[in-house]
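K.L.:
Can you keep this structure in mind? I'll have questions shortly.
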Amino acid sequence: MDLQSNVPQPDDALSAGTSASTQARMGNAGASPLAHGFAYMWVLFYPSNRAESTFRYLGQQKIDRHKTLVLAFSQKPGFVRTPGEVRFEGRSVPIFHQGVAWVDASDFRIVRLRTDLLSPLPDVQLRSLTAEVHFGETQVAGVTSPLWLPREVVVTSDVNGLTSRDRHAYSNYRAYGVQTKVLLAP
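Counting in my numbering, the final residue of the sequence shown is number 1197, and the numbers go up one at a time with none missing.
Here it is as C-alpha cells:
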C-alpha cells in the first residue's frame, strides 16, 4: 500500500533535503518511502484552499517554546479539488483529512500540524492514518532570511490491524532557481 498526500504543492524555490526514512530505505534496494507528501500538508491553509475545510478555534497552548493558537480543521469532501490518495492493489482511493494545527500567535507560522483520516476506508482496510509534522526555523545557504520548514514528519497507519510508522527527518535544505522561456511555434 502506498500512502500519499496529494495536496497542491507550491511553486517554491526550495528542495526538501534528504529524508532519514528515504536514506534508510535506499539501502534496501532503493525502495522509496511508503508515505510521502505529508510535509506539504500546511498548504491546506493557503487562502485558495481554505474553502475546502471548516475551521474551529480551540484555544491557546504553549508548545515547543511557542505561545500558539490551536485550530481544528476538517476537509469538506465535496469541496476538495485535489484530495490525498491511497494506492492499493492497482487502484487509487481518495482520502480526506481532519486535524489540529498549532500556529505561533506572534507571527502565524505553523509550529506543529497533526492530521488524521476524516473517516476509515474499509475498501482498502485503512483504519487510521495519522501524520505529525514538526516545523522549525531553518537557515538555507544562499537565502538571507531564515525559513520556517518541516523538520520531521511521522506517519502512522493501521492497515487491517497492522500498525506501521514511517519517520522522515529533513535536513540539508538547498535553494535552487529555475528560469523558463516560452517559445512560440513559427
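Cβ atoms here follow ideal geometry from the backbone N, Cα and C, with glycine treated the same way.
None of these values were measured; they are calculated from a predicted model.
Could you check what DSSP says for Leu1137 in three-state terms: helix, strand or coil?
P.N.:
What you label residue 1137 is simply residue 126 of the sequence shown in a count that begins at 1. Residue state, collapsed to three classes: strand.
K.L.:
Residue range of the beta strand (DSSP E) that Pro1094 falls in?
P.N.:
On the sequence shown, residue 1094 is found 83 positions in, with the first residue counted as 1. Here Pro1094 belongs to no beta strand (DSSP E), and DSSP marks it neither H nor E.
K.L.:
With DSSP run on the structure shown, which of helix, strand or coil describes Gly1147?
P.N.:
Counting from 1 along the sequence shown, the entry for residue 1147 is found at position 136. If DSSP states are grouped into helix, strand and coil, Gly1147 belongs with the strands.
K.L.:
Over what stretch of residues does the beta strand (DSSP E) that includes Gln1086 continue unbroken?
P.N.:
For the purposes of this step, residue 1086 is taken as the residue at position 75 of the sequence shown. From DSSP, the beta strand (DSSP E) with Gln1086 extends over 1077–1086.
K.L.:
By the 10 Å Cβ neighbour count, where 16 or more other Cβ atoms means buried, how is Pro1044 classified, buried or exposed?
P.N.:
Along the sequence shown, read from residue 1 onward, the residue named residue 1044 stands at position 33. Unreliable placement is indicated for Pro1044, whose pLDDT of 47 sits below 50; the coordinate value is still reported in the next sentence. Buried, because 16 or more other Cβ atoms sit within 10 Å of the Cβ of Pro1044.
K.L.:
Please state whether DSSP places Gly1198 in a helix, a strand or coil.
P.N.:
Any question about residue 1198 goes unanswered here, given that the chain covers just 1012 to 1197.
K.L.:
From Arg1123 to Arg1178, what does the alpha carbon distance come to, in whole angstroms?
P.N.:
As a working note, residue 1123 is residue 112 in the sequence shown. As a working note, residue 1178 is residue 167 in the sequence shown. If you take the alpha carbons of Arg1123 and Arg1178, they lie about 15 Å apart.
K.L.:
Below 8 Å on the Cβ atoms is my contact criterion, and I expect Leu1129 with Val1097 to pass it. Report the Cβ-Cβ distance as a whole number of Å.
P.N.:
In the sequence shown, counting from the first residue as 1, residue 1129 sits at position 118. In the sequence shown, counting from the first residue as 1, residue 1097 sits at position 86. Incorrect: roughly 13 Å between the Cβ atoms, too far for contact.
K.L.:
Just to confirm my understanding: we take Ile1121, look at its own chain, exclude 5 residues before and 5 after, and list those with CB closer than 6 Å. What are they?
P.N.:
Position 110 of the sequence shown, counted from the start, is the residue given in the question as residue 1121. For Ile1121, where only same-chain residues beyond five positions count, the Cβ hits under 6 Å are Trp1053, Ala1112, Val1114, Phe1146.
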